[in-house]
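Structure first, commentary second.
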Amino acid sequence: MLDLKFVRENPEIVKQNIRNKFQESKLPLVDEVIELDKQSRAAQQEADGLRADRKRISKEIGGLMAKGLKEEAEAKKKQVEESAARLAELEAKEAELSEKVLKIMMTIPNIIDPSVPIGKDDSENVEVKRYGEPLVPDFEIPYHTEIMEKLNGIDLDSARKVAGNGFYYLMGDIARLHSAIISYARDFMIDRGFTYCIPPFMIRSNVATGVMSFAEMDAMMYKIEGEDLYLIGTSEHSMTGKFIDTILNEESLPQTLTSYSPCFRKEKGAHGLEERGVYRIHQFEKQEMIVVCKPEESPLWFDRLWQNTVDFFRSMDIPVRTLECCSGDLADLKVKSIDVEAWSPRQQKYFEVGSCSNLGDAQARRLKIRVNGADGKYFAHTLNNTVVAPPRMLIAFLENNLNADGSVNIPKVLQPYMGGKEKIGC
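Going by this note's numbering, the first residue of the sequence shown is number 1283, and it counts up by one from there.
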């Protein structure tokens, strides 16, 4: 969420940013919110004047009563009563206008970083760099669920009967591999100085609206009927929410946390061949990283975070590339974002396995995450990034480690988490 003062003083910058994100339908909101804010401030100013008058007149009434001037005191009391009705009217108007202003301000997109490429959608994202040599073996690689089925590692039919489409049972060595990757990701991030955390898997609505836009919330989150609770779509939601309505000492920054959680997503609009299997699902597990830091440090942390994911995948010899997200592909709260994509030998292309985002002070402003600095209080910057999200990551892992005989190699870094196994399915 932007600073309302910034919008008021820089309407053309805000409008150009909306154009850069190809959200022209939101352009009228800028003038609308400025006008509503003007009305709100006028109502507040008049109400403040009436409150000051009431305080002054109340003192005068006391003085008149002390002097025995009851008639004059009663006249003053009548004056207070007459202003009380107007004050109540103004207070109601203030509340109404404030609610309208907040709703619009939570819809206007954050100002993107100048380095972000301008483009309409993810088809215009820009490749930054490749890491590792993408290889295609001289044998056919089956679809990932076929690889898992041959290893007795997945049961989709039973999952459909139990929960419907978009769910799965992982079994045997594939289930163990899934857990091994999560455990390795946990230790990988701890070794990089992050504090490990297991957060709540449900959050209240004020946290949900604090970490994402209304559109994202509607498309992603499952609501718990009858309660003010939502299942998290990623642990970033509850991890960033951990700092809601807090004032952090500047010396305590940066806060660097890595968290494990299950994730639950509606995945509206997921269609097509590659959506089958475990690519887009309603429930999965994830290791995440978040940072809460000083504004001037967020660009540095942004680069560190996505590099962590690259290094994690490369430690298992999986080729990856980084992709700069264009303006039209950025969620409204994001300042800048880089996707990490892994190589799929079967498809002979890269696909997303992680996303790193700098949200500036947008989440902190919504959640009231402030920092007590030498020159006063200010809003922190927040960042998040995926370490790994199996079972999607399993697709890249299985395809890049598959042998012609159907067995799968286990990289050295994972072998301690797999009971020393060097292969599965052999």
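Where is the CB? At the ideal position from N, CA and C, for every residue including glycine.
As for any alpha helix (DSSP H) of minimum length 4 sitting wholly inside the segment 1602-1670, the runs are 1644-1649, ordered along the chain. Judged by beta-carbon spacing, Thr-1538 lies within the 8 Å limit of Phe-1476, meaning their Cβ atoms are closer than that value.
If one requires a minimum length of 3 residues, the beta strand (DSSP E) runs lying completely within the segment 1428-1495 are 1477-1479, in chain order. Of all C-beta pairs linking the segment 1647-1662 to the segment 1531-1549, three or more are shorter than 8 Å, placing the two stretches in contact. About 5 Å separates the CB atoms of Gly-1515 and Arg-1547; that is less than 8 Å, so the two are in contact. Minimum Cα-Cα distance from Ser-1597 among the listed residues Ala-1367, Ile-1677, Phe-1470, Lys-1337 corresponds to Phe-1470. Each of Lys-1694, Ser-1520, Pro-1627 was checked against the Cα of Phe-1421, and the nearest Cα belongs to Pro-1627. DSSP places Thr-1591 within a helical segment (H, G or I) once states are collapsed to three. Taking C-beta atoms as the reference points, Ile-1706 and Asp-1455 count as a pair closer than 8 Å. For Lys-1385, the secondary structure class from DSSP, reduced to helix, strand or coil, is helix. Annotation note: the segment 1537-1581 contains the following uninterrupted beta strand (DSSP E) runs of length 3 or greater, listed N- to C-terminal: 1537-1546, 1565-1575.
Boundaries of the beta strand (DSSP E) around Val-1408: 1408-1413. The closest CA to that of Ile-1295, considering only Arg-1336, Pro-1391, Lys-1382, is found on Pro-1391. With contact defined as three or more Cβ pairs closer than 8 Å, the segment 1502-1513 and the segment 1627-1641 are not in contact. Between Lys-1382 and Leu-1318, the C-beta spacing is below 8 Å. Under the Cβ criterion (8 Å, minimum of three pairs), the segment 1597-1612 does not count as touching the segment 1363-1382. In the structure shown, Ile-1677 adopts helical secondary structure according to DSSP, grouped into three states. Pairing Ser-1440 with Asn-1682, the inter-Cα distance amounts to about 28 Å.
Boundaries cannot be given for Leu-1511, as no alpha helix (DSSP H) includes it and DSSP labels it neither H nor E. Taking every protein chain shown into account, the CB of Phe-1679 has 16 or more other CB atoms within 10 angstroms, so this residue is buried. Counting every other CB atom within 10 Å of its CB across the protein chains shown gives Lys-1694 a total below 16, marking it as exposed.
Asp-1621 is the residue among Asp-1621, Ser-1689, Tyr-1660 whose C-alpha sits nearest the C-alpha of Asp-1404. Counting the other Cβ atoms within 10 Å of the Cβ of Leu-1649 gives 16 or more, which makes it buried. Boundaries of the beta strand (DSSP E) around Thr-1528: 1528-1531. Within the DSSP secondary-structure output, Asn-1685 pairs in no beta bridge. Counted as a single uninterrupted DSSP element, the alpha helix (DSSP H) harbouring Met-1521 occupies residues 1517-1523.
One Cα belongs to His-1426, the other to Ala-1613, and the distance between them is close to 30 Å.
By the Cβ-count criterion, Asp-1611 is buried, with 16 or more other Cβ atoms from all chains shown falling within 10 Å of its own Cβ. Between Tyr-1542 and Ser-1517, the C-beta gap is smaller than 8 Å, which places the two residues in contact. Contact between the segment 1662-1671 and the segment 1568-1577 is present, with at least three C-beta pairs closer than 8 Å. By the neighbour-count criterion, in which 16 or more other beta carbons inside 10 Å mark a residue as buried, Glu-1371 falls on the exposed side. In this structure, the alpha-carbon of Leu-1452 lies about 30 Å from that of Thr-1522.
Cβ contact annotation for Leu-1417 (same chain, cutoff 6 Å, sequence separation greater than five): none. A check of alpha carbon separations from Asn-1691 across Ile-1429, Ala-1624, Trp-1588 identifies Ile-1429 as the nearest.
In chain order, Lys-1432, Gly-1707 place their CB closer than 6 Å to the CB of Gly-1688, counting only its own chain and leaving out the 5 sequence neighbours on each side.
For Gln-1697, the closest C-alpha among the options Gly-1345, Leu-1459, Tyr-1413 is that of Leu-1459.
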